[in-house]
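Have a look at the structure below before the remarks.
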Amino acid sequence: MEISSSQQRRVRVTWRQRLARMQGVPVTFDMGPYEAPLAEVARFGGGIERLSDREIETRARAFREQGTASLESIRAEFFALAREASRRVLGMTPFDEQVLAALALDAGHIVEMQTGEGKTLAAVMPAALRALAGQGAHVLTFNDYLARRDAEWMGPVYTMLGLSVGFVQEGMTPEDRRRAYLANLTYVTAKEAGFDHLRDLLAMDPQGLVHRPLHFALVDEADSLLIDEARVPLVIAGSVGRETSSAPRLAALVASLAPGVHFDADEYGRDVELTEAGFEQVERALGAGSLHDAQNYRLLTEINCALHAHALLRRDVDYIVRNGRIGVVDEFTGRVVADRHWPDGLQAALEAKEGLERQADGRILGSITLQHFLQGYPRLCGMTGTAQTAAPELRDLYGLDVVVIPTHKPMIRIDRPDVVFTHREAKERAAVGEIQRAHASGRPVLVGTLTIEESERVAARLRDTGVACEILNAKNDAMEARIVARAGAPGAVTISTNMAGRGTDIRLGGEHEEEHAQVAALGGLYVIGTNRHESRRVDLQLRGRAGRQGDPGESRFFASLEDELLVRYGIETLIAGRVVTAKRDEPFDHPIVRAEMARAQRIVEGQNLEIRKTLWRYASAIEDQRREVMTIRQAILRGDDVPEIWQREPERRRALVEEAGEDAVQRAERAVMLFAIDRAWRDHLALAADLREGIHLVALGGRDPLRHFTEETTAAFRRMEEAIDNVALDLLKDVRVKDGRIALDEIGIRGPSSTWTYLVNDDPFRNQIGMMLTGPGRTTIATYAAALLGPLLLLWGVVDRVFRKRPGRRGDPFGR
Amino acid sequence: MIESLKNIFAVADLRKRVLFTLGLLAVYRVGGHIPTPGINPQALAILVEQAKGTMFGLYDMFSGNNLSQMTIFALGIMPYISASIILQLLTVVWPYLERLSKEGELGRRKITQYTRYGTILLSVVQSLGIAYFLEKNTGIAGGLPLVYDPGWSFRLMTVLTLTTGTCFIMWLGEQITERGIGNGMSLIIFAGIVVGLPAGVLVTIDQLRTGQMGPFRLIFLIVLMAVVIAAIVFVERGHRRVTVQYAKRVVGRRMYGGSSTHIPLKVNTGGVIPVIFASSILAFPATLTSLVPEGTWLRRAFDQIAPGMPLHDLLYVLGIIFFCYFYTAIIFNPDDVAENMRKYGGFIPGIRPGKRTAEYIDTILTRITLVGAIYLAIVAILPQFLISGFKVAPIPFIGERLDAALPRFITEGMNVQFYFGGTSLLIIVGVAMDTVQQVESQLIMRHYDGFMKKTRIRGRRGQ
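Protein chains in written order, with the working numbering: chain A, 10 to 825; chain B, -4 to 458.
Shown next as structure tokens:
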């Protein structure tokens, strides 16, 4: 094996990157610290090459038995062992770059490797090393499909190293999950792992736990999981039976309302509201009096939900209907997620809208953000193709630095500049034309669209022009593997939602290796994006399907000023007017437009960052409390701590002990206590959610909303202890002994019969810039300003009042 | 109280923050004793004496007397605040900045950076202005030379010194905000004002010893101070809670719970700002008085509204009430609030969202602002009343008779040495309340961990 020198890996560091480095952006391109260990791995490799399979297994076992004390000292040799094992069982020898990535991962960094550089294989070395400890090492994948694929693909390597591998899939039973987590290595999506963690916190006996204490996680597609998805808190809900609902009646009523007259929908702001006329119409139809009277709160809520379901949730965009049920489409992976609901009222309204049978109602039982869950791992590292732009945030929130690994072969993909149109129709026409042209030359084309609906529309247009194409979206996710396998074949056209993005490996030539050269000669895979995405990283991921491992490839994005990215955030007005005069069919060829598009993306990224930070701050206030309660709960669950709440009713307790025995009473005490804690926690969460809702209003009184929130929830948390006591004592009064056993079921003590997850996006509470002068701590500044700049300040007030853009209903005094 | 202090020092992080803040404030005070070179202090003192009651006096208060003593911190953080206000203003009218402000953290950082550059620019301009002003007024101070060596070397030296001083204060303020406790800029102004307190106490003790002030008067003074401060705290915290109901409604994909919350409408929305507005506008003529030739009608008008004149006091009170409403109207727009509430599914029980809600809020605001305005006027005028009373004599026609009829403590005051003017009092109480609140919430956040440890929930066995 050749020992490569660092000269061969000449890293191209641009002046821009150097500048970023100087400004303290936590990204490093320097492979210096890893060159020596790499050479060491190569040195060991020479000897290991000559070993027999049996000898490799023996040596791996020796490492495992040796224990964890000195992972550092065995790292190089073990990596060499793993490298050799994958050469033997997979026929793939990790390149030096992959070993460098493995070393950087092991050092606890976020590793950026260009797409197609073999992250999955690189992850094997550090994951296996940490798995030696026998405490479980998790590889957190981007989606279910990858969890299974990677576990099965890499499994033989681990087996040769004497390590067991498991993987977790949606819909698995707790037994299967427990078995998967007991393996040395577990491939699982971060969400599933997080939900299992939440479910563990609701377990009623220790046998119900599926996780072991968290030990090590290697996060695949780290920027997506740690940043994009961190915005969506994991929420677990349990059934509380079915409540009667007037949803079907209201769905019909709402459907009879006229948009623009009875309600105003702002499709992109995801906001809808009844107008004055709408209220009157609804009130007349229901005959229940003013909807804003106290007795009608519930009704008003249901109407709002019905309206939201009617006007804003789009079938085949936000959800699909399958087997008589709503399937919620995950906005990040483009897939339908099992057991995912919209919050209750909305779910019921949506079921009514689609005429489906009503499923059970739920209450939120627990929630955690992915950020907080992942921080529960003592050791965390990650890898992705796109980390650089997210580096500051990764440092801020997780304390992780980004290491950029050079590519094995130079990347020769050609990224064409965007083609920008005034309106969508012209854009789609041009995109379809481009697909036709590329298709005619015989090269494979991958088209990335935003929604299921768009993917179908583009496919229909293509078929009209006689181009055969495959669609890859949530509706035919069962065929994913097959479609992806063929996507690189000569002449293949694949229209996809964001399902084909991260982690999708499209091989040139498709299933036929021999056609690789033919496709490469044609210029490789051509990736066409029909929209810019909310984040540059998603665009890069889509481009990254082409030009993998030194293959040729090409990519181009089509965009229009009518794209959701621009309209939803009201940015199109910033561009339009300056350069746009009228609709036209030709694309702009204007550097300003391109610069403005890039800026639009930065604005959206900035806003999403704000949202995440706000979510983080509010969640952190609750997180400390959650840890406190859950530590106590798990101690009781494991029997480390025995509640004696009923000691305060000695008579009653003695009677129970006589009837059922001391053991049974203690078991019952534990169950009652756990139940009481869960209920109190559930109520606490509901209170916190309620409090958060109107919290921004306290800013009007010059108070800091977050501070107010923390104080109020802390006060409530202190009262929680009493609530737990009361619930537990109340239950005691109702406890009956039946057939010599304490019947807990009859007083309602049991875990939720089924659980599901919620799709909840939190809203940010950004302070309006104009609030500067009223916010806390600003009193004196404003005062000072008033004294010195009285006239200027008055001018400011007037200018602000007169000139501030108020785009109709979207105008928002809090800038949320 | 002692308990809270103990808590502050029990939490390591908080202790560090408090000590850090105190340390930097001490640094600030040290700088307040280093004079700008090239200026004759005696001549300066005379000049300052002459400028009392003008805009100059107001500026001086905010710079913690650094301006009147021409220390290296003479400009204070005035240029920084001017720069941030100007940038806020530009953000509204200049699309480039508007977009930048929307770009989240990175954009804001850029704006902060521009603010700093603006600060330097304004500092240079202002310090140059001061240098010219001092050179020009060299003759005024009783023939003493104010500037020893006028010319470009003096001007450049002044510009360099004052600009550096301002940059340094700006840095101090940012450090306190970031790594200390409370708002750095506020605390720096706060420190500048309260620093006169010890000297005031010494003067009082002196007066007590020499018999200038009787013990009863001292007790009265102390009680009065306590009452006034308590009243300020009481009213500043006062607010009317307007209940807002949220009917479970989905915005984006978030589910809102059926809860009730409230808008706290503050009694005194504008804080001390209306007082400042009023006094800075009244100080304007006083600043110009010396420029107007004696005997003209304008001079006579200016004399009528000079500080201490009854017309001045009247205009002051009316101005405060006017600006209370004016400022509230600028910063609190009931239409915006109603719109926001409607957008997120909130409503005031029994009242339709939208226009009617805006009207309802407006009505409440109008009523409570009147209370706030009267309170502000009283606090602002009280210290002056205690010191020198209302001079009713100059009132035309009835002045003389009124003067004779009213008891002397009204017309001549009680000759009580009140350390702080109304404005300063409002500012220091405001900053102190802010800072205390921040310390409190830090304590709350850190204090509960472990609160359940000793509770009944945990059993006796197995611990």
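Heads up, the beta-carbon is just placed ideally off N, CA and C, and yes, glycines get one too.
Since the structure is predicted, the reported quantities are computational estimates derived from the model, not experimental observations.
When secondary structure is reduced to three states using DSSP, Tyr386/A falls in the coil class, being assigned neither helix nor strand. Its chain contains Ala737, Leu740 as the residues whose beta carbon lies nearer than 6 Å to that of Val681/A, once the 5 sequence neighbours on both sides are disregarded; these appear in chain order. As DSSP reads the structure, Ala568/A sits in a beta bridge with Val429/A. In the three-state reduction of the DSSP assignment, Val36/A falls in the strand class, which pools E and B.
Chain-ordered listing is empty here: chain B has no CB closer than 7 Å to the CB of Gly55/A, the nearest sitting near 48 Å. Taking a Cβ-Cβ threshold of 9 Å, the residues of chain B close to Val707/A are Thr256, His257, Ile258, Pro259, in chain order. In the displayed model, Phe726/A falls within a helix according to three-state DSSP. In the DSSP assignment, Ile67/B falls outside any beta strand (DSSP E) and carries neither an H nor an E. Given a length threshold of 4 residues, each whole run of the alpha helix (DSSP H) inside the segment 93 to 148 of chain A is given here in chain order: 105 to 115, 128 to 140. Interface criterion not met: the Cβ of Gly175/B is under 8 Å from no Cβ in chain A. Distance between Val746/A and Glu668/A, taken at the CA atoms: about 7 Å.
Chain-ordered, the chain A residues with CB closer than 7 Å to the CB of Ser436/B read Arg716, Thr719, Glu720. Boundaries of the alpha helix (DSSP H) around Ala225/B: 210 to 232.
Counted as a single uninterrupted DSSP element, the beta strand (DSSP E) harbouring Phe225/A occupies residues 225 to 229. Residue-level contact by beta carbon holds for Asn313/A and chain B, with a gap shorter than 8 Å. Among the residues facing chain B, Glu238/A is not included, as its CB has no counterpart in that chain under 8 Å away. Residue range 479 to 481 is occupied by the beta strand (DSSP E) that includes Glu479/A. Burial is judged here by how many other beta carbons sit within 10 angstroms of a residue's own beta carbon; Lys418/A has fewer than 16 and is exposed. For Val434/B, the three-state secondary structure derived from DSSP is helix. In the displayed model, Met392/A falls within a strand according to three-state DSSP.
Not flagged as an interface residue toward chain B: Asp560/A, since no C-beta distance is shorter than 8 Å. Rounded to the nearest angstrom, the gap between the Cα atoms of Asp205/A and Val219/A is 7 Å.
Considering only beta carbons, the part of the segment 721 to 740 of chain A lying closer than 9 Å to chain B consists of Thr723, Ala724, Phe726, Arg727, Met729, Glu730, Ile733, Asp734, Ala737, in chain order. With respect to chain B, the C-beta atom of Asp209/A has no partner C-beta closer than 8 Å.
Not a single C-beta of chain A is nearer than 8 Å to the C-beta of Val154/B. For a Cβ distance threshold of 7 Å, residue set Gly615 of chain A lies close to Leu101/B, ordered along the chain. In the three-state reduction of the DSSP assignment, Arg349/A falls in the strand class. For Ser383/B, the enclosing alpha helix (DSSP H) has its first and last residue at 350 to 383. Around the beta carbon of Val196/B, fewer than 16 other beta carbons sit within 10 angstroms, so the residue counts as exposed. By the beta-carbon neighbour count (other beta carbons within 10 angstroms, threshold 16), Thr474/A is exposed.
Here DSSP, grouped into helix, strand and coil, assigns Arg104/B to helix.
The criterion of a C-beta distance shorter than 8 Å is satisfied by Ile461/A and Asn482/A.
Closest by C-alpha distance to Gly56/A, out of Met40/A, Phe87/A, Glu81/A, Gly41/A, is Phe87/A.
Counting C-beta atoms within 10 angstroms of its own C-beta, Ser118/B has 16 or more neighbours from the protein chains shown and is therefore classed as buried.
Secondary structure at Ser96/B: helix, using DSSP grouped into helix, strand and coil. Comparing alpha carbon positions, the residue from Gly553/A, Leu409/A, Leu374/A closest to Leu696/A is Leu374/A.
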